[in-house]
Structures are given as C-alpha cells and as structure tokens.
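Numbering follows numbering that gives the first Met the number 0, with no gaps: position 320 of the sequence shown is 319.
Here a beta-carbon is modelled for each residue, glycine too, at the ideal position from N, C-alpha and C.
Here is the structure we will look at, set down as structure tokens.
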Amino acid sequence: MIEQNKNDETNRDTQLPNSRKVYVSGRLHEDVRVPFREITLAPTKSMNGDLEANDPVRVYDTSGPWGDPDFHGDVTQGLPPLRAKWIRSRGDVESVAGRTVTPADDGYLSAVHAQHAQRGNGNSKSQAPSSKHLSTLNSQPSTLSKQKPLRASANHPVTQLWYARQGIITPEMEFIAIRENHRIASQKDDFRIKKDGNGNSEFHNSSFLPHTFARNHLAHQHAGNAFGAEIPEEITAELVRSEIARGRAIVPANINHPESEPMVIGRNFLVKINANIGNSAVASSIEEEVEKMRWATKWGADTVMDLSTGKNIHATREWIIRNSPVPIGTVPIYQALEKVGGRAEELTWEIYRDTLIEQAEQGVDYFTVH
0 MIEQNKNDET
10 NRDTQLPNSR
20 KVYVSGRLHE
30 DVRVPFREIT
40 LAPTKSMNGD
50 LEANDPVRVY
60 DTSGPWGDPD
70 FHGDVTQGLP
80 PLRAKWIRSR
90 GDVESVAGRT
100 VTPADDGYLS
110 AVHAQHAQRG
120 NGNSKSQAPS
130 SKHLSTLNSQ
140 PSTLSKQKPL
150 RASANHPVTQ
160 LWYARQGIIT
170 PEMEFIAIRE
180 NHRIASQKDD
190 FRIKKDGNGN
200 SEFHNSSFLP
210 HTFARNHLAH
220 QHAGNAFGAE
230 IPEEITAELV
240 RSEIARGRAI
250 VPANINHPES
260 EPMVIGRNFL
270 VKINANIGNS
280 AVASSIEEEV
290 EKMRWATKWG
300 ADTVMDLSTG
310 KNIHATREWI
320 IRNSPVPIGT
330 VPIYQALEKV
340 GGRAEELTWE
350 IYRDTLIEQA
360 EQGVDYFTVH
C-alpha cells in the first residue's frame, strides 16, 4: 500500500496557497452562484526596482464545495443538492420507488453471501473495496440511501437538450455561460484597459482580436481558420442554449445527480479533462475511492470516470456520486459481468439493460458502452 502523505500541502482539506474561493451570481436566475478560484499574484519588479501590483486572476474551479473553507461537509451525508430546486421547479419530474437494490448489484450471490463477506468470513482478497470499510461506513449516520430516484412525468425528456430545443434557458445553461465566459472576459479587460503615463486608464484596443497583438505578447494567436467554429467575444446563456440545441455541445447532468455543478463539453467551449479512477485489486476501500474522486476534482478534473470492478461496486458508486461536484461516468458492462460471476457467455441484454437503469437511477451522468 502507498503510505499516506501527511504533508499539509497534500492534505485533502488544505486550501491551495495564495488562493480563495469566490462566487459570481447569475442575472437571469438569481440563485445561480458560479464558483471560481481567485489566485493572488506577486507584484512585478521592473528593471529599476519599482514594484507593479498585479490584479488577482480568477480561474475555472472544479473542486465544488470541498474546495470552500466555509463548507464543513461530511462524506457520510454527501454534498448539498445544488440543482435539486432547479430540477423540481420545472415541474416535469416525479419521485419513484426505483428498482430494489439486490446483493447481485454488489457482486454477491445472495444476502447471506453479502453478510458473510461483511463479517470478513469470505475471501477478503477479492473484496474491493473491502467489506470492513463498507460495514464501517454503513454503520455511520447517512442520508445517502434515503433519496428516491426521479424520472420524467410530463411525457417529454428531462435533458438539457430537450429544454434547449424548446428555447428554454435553464439555470444550468446560465451557470455554464458564466463559467465559460469569465476567463475570456477577464482577458479582454486585461488587454483592453491600459495605464497611460499619468496612471490613468485608457482603452487599448477596439476589439479583442488575438492575432492583432505582437508575437511576443501573451495574447497573441495565429488567425487560423475557424471552419465555422469561431468562439464569439462573449459566451452568453443563449449561445450555450443554441450550441446544445444544434447538437454541438452536451451537458452531462443526470437529474438524479443534483450535487453536480453544470458543465459543458463542445467544440466552442473550453477543453475539458476527464480523470479515471478505480478500485485496486490489492487494497481498496470506499473511503479511498471517494478520496480519489475528491483528489481529482481538487486538481482540475472536469469529469470523473469510475472504472471500479469487483465487489461492493453499487455501494462504492453511490458514495462517489453523492460526494461528487462533477459528472460521473461508468462502464456498465463491468458491473453487468460481475452480476453473472464474470462469465461473459451468461450475460444477457436483460441483465445489461437492468444495470443501465440501476446506474441511471443512482445518478450516473454518462456511460461508456462497449
């Protein structure tokens, strides 16, 4: 096992140095608060020794509430359901009982087999994450299992794609627009507003055209050919809606994962980074899987793919989803194979379909379908 690093810098609750969490409010939807990480910059020292103060820089932040020092959360309770009010206010979803979780969902033959494993009487080497940690976590007060899944109730899909094609700008779309636009807006302010010799501000450039800057300037870019995908000067909520409606962007946001902060993937938006996590066959626990997810989002993962296999896969995924501020993806066939003891010849469409429904009700935002 890898020994845990006790250094303060790597501690999961330690804030990044010279940084603070800030929020930008929405205009169309007043309850939208978009997080950014504001980094304090050191002053620039000129050739003659004078110091020039630098304004702080705000960057895209994926750490969610876990990155806010004012948030004192508990993994046994999960994150606050950020989007729950938005989802309910549209009036097109309803709570359902959902499918019953069975021992097979966690890779066990029966309830007796599962209890046997949790007591440590089974083959502990094949239990990943370990049943010891599972029973420890399950013995703590938790609201994770009390949430009923939601489903559509108005005879139409409850996806951002459907809303976009109806001309509806959702809170999720405004959240995304502020997130995507902020860096561009900051750059325009930095490069347009300059100081004259008397220290007064003056307008530097009539338009933000990166190819008009000198080659040694930070903002310089080659003009290139956008092939119809040129990003406008301002990312608006209407642009986000339009790109989604045209099928050029997607918003992975399962209604059963209200803890996630809206994000977009598309050619006219910022590049996104996916992080893969998965349990270890040598040593793993639910606590460690949640920690991997938090570690990934702290350092900028926009989405997290859970590649866990083996026992307790349903329980592990539940803890990850309830504590994740970013979309969670899975490879459903891994769990489907576990349900048939790893015997591919016994895998049927009904088992695979049931696994997809199970994971969708849990809150999985995107799938890899082999």
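So, using beta-carbon positions, are residue i and residue j closer together than 8 Å?
i: V31; j: E173; result: yes
i: Y365; j: P324; result: no
i: N273; j: A244; result: no
i: D60; j: F35; result: yes
i: N157; j: D91; result: One detail in the question is off: residue 157 reads as Val in this sequence, not Asn. In contact: V157 and D91 (Cβ atoms closer than 8 Å).
i: L160; j: N255; result: no
i: V33; j: R178; result: yes
i: K302; j: G328; result: Contrary to the premise, residue 302 reads as Thr rather than Lys in this sequence. Yes, they are a contact pair.
i: E37; j: V23; result: no
i: H219; j: A213; result: yes
i: E290; j: R98; result: no
i: D105; j: N278; result: no
Give the DSSP bridge partners of residue i, in chain order.
i: R247; result: Bridge partners of R247: none, in fact.
i: Y365; result: G328
i: I264; result: I249
i: L149; result: S94
i: N180; result: DSSP output for N180 lists no bridge partner at all.
i: S18; result: I38
i: N273; result: T302
Taking its Cβ as the centre, do 16 or more other Cβ atoms sit within 10 Å of residue i, making it buried, or is it exposed?
i: G362; result: buried
i: I320; result: buried
i: H203; result: Its pLDDT being 48, under 50, H203 is placed unreliably in this model, and the value from its coordinates should be taken loosely. The residue in question, H203, is exposed, as its Cβ has fewer than 16 Cβ neighbours within 10 Å.
i: R316; result: buried
i: S45; result: exposed
i: G48; result: exposed
i: F268; result: buried
i: A314; result: buried
i: I276; result: buried
i: G341; result: exposed
i: R82; result: buried
i: A103; result: buried
i: D54; result: exposed
i: I234; result: buried
i: G309; result: buried
i: A153; result: exposed
To the nearest angstrom, report how far apart residue i and residue j are at their CA atoms.
i: R19; j: D67; result: 8 Å
i: G223; j: R247; result: 21 Å
i: R352; j: H155; result: 21 Å
i: T211; j: E232; result: 15 Å
i: S307; j: I285; result: 11 Å
i: K271; j: V250; result: 12 Å
i: E93; j: N215; result: 57 Å
i: I86; j: Y333; result: 30 Å
i: W348; j: T354; result: 10 Å
i: S138; j: P16; result: With a pLDDT of only 42 at S138, under 50, the local geometry of the prediction cannot be trusted, and no value is derived from it.
i: L78; j: I264; result: 23 Å
i: P64; j: E288; result: 18 Å
i: A52; j: T39; result: 10 Å
i: Q76; j: W318; result: 9 Å
i: S130; j: K147; result: In this prediction, S130 scores a pLDDT of 37, lower than 50, which makes its location untrustworthy; no coordinate-derived value is stated.
i: T169; j: Y162; result: 7 Å
i: D305; j: N253; result: 16 Å
i: S62; j: R240; result: 25 Å
i: N180; j: P80; result: 24 Å
i: F226; j: A236; result: 23 Å
TODO: Identify every run of the beta strand (DSSP E) within the region 22–92, keeping only runs that are complete inside it and at least 3 residues long; order them along the chain.
DONE: 32–38, 56–59
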